[in-house]
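First up is the structure itself, then whatever we jot down about it.
Numbering (this note's numbering), first residue to last: 181 to 352.
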């Protein structure tokens with residue numbers, strides 16, 4: 181586990197929070213300075229936002245350069261899986277938009293416990309996504325649903341589940 185991972189997680193999850201987001205932050209910052217840089221595989225922020233977060237990180241933690249790789253959740257997870265299989269540590273931290281990735285990363289032993297001080301301030305909708313072992317916390321969510329034009333499709337004919345969309349009548 182590298183110290184830079186802890187610092188970027190602190191910054192990403194507690195941006196704008198207390199001066200120290202968890203008790204061991206000063207000691208981990210000193211350890212991270214010896215590593216000099218971290219790499220963040222990021223899927224849930226666009227490139228501009230990731231750059232702004234890294235710039236803020238660089239200012240808050242001089243001596244530790246934040247680098248980011250902006251990609252899709254699937255590509256970020258695949259890169260991390262390949263890194264783990266090869267026994268190399270390219271990424272210090274990963275943030276995915278696919279909540280399923282976190283369960284697999286936990287099962288494979290790729291995560292380390294982390295509980296930010298301001299965890300109690302997380303909005304209620306996300307509290308059910310706090311891992312009981314403190315290995316991950318959801319801080320954002322997107323809604324994906326099926327919609328249809330009620331002027332064209334009768335409610336009785338509308339797709340009810342994702343697999344309904346495999347029917348050729350919905351092609352195009």
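Glycine is no exception: its CB is placed at the ideal position from the N, C-alpha and C atoms.
| said: Tell me which residue opens and which closes the beta strand (DSSP E) that residue 353 is part of. | reply: This structure leaves residue 353 out entirely; the chain is present only between 181 and 352.
| said: With a threshold of 8 Å on Cβ separation, who are the neighbours of residue 247 within its own chain once the five nearest residues in sequence on each side are excluded? | reply: 217, 218, 219, 220 and 234
| query | Whose CA, out of 236, 241 and 231, lies closest to the CA of residue 212? | reply | 241
| message | Going by DSSP, what residue range makes up the alpha helix (DSSP H) through residue 209? | response | 205-215
| said: My output table needs one value for residue 298: the three-state DSSP class, helix, strand or coil. | reply: helix
| field | Segment limits, beta strand (DSSP E) that includes residue 284 | value | No beta strand (DSSP E) contains residue 284, which is instead part of the alpha helix (DSSP H) from 279-287.
| said: With DSSP as the reference, identify every bridge partner of residue 310, one or two as the case may be. | reply: 317
| field | Selection from 338, 305 and 277 that minimises the alpha carbon distance to residue 329 | value | 338
| If you count every other CB in all the chains shown that lies within 10 Å of the CB of residue 228, and 16 or more means buried, which is it? | exposed
| request: Please determine, among 318, 226, 257 and 325, the residue with the shortest C-alpha to C-alpha distance to residue 294. | output: 318
| query | With DSSP run on the structure shown, which of helix, strand or coil describes residue 290? | reply | coil
| query | When the distance is taken between beta carbons, is residue 278 closer than 8 Å to residue 271? | reply | no
| query | DSSP three-state call for residue 219: helix, strand or coil? | reply | strand
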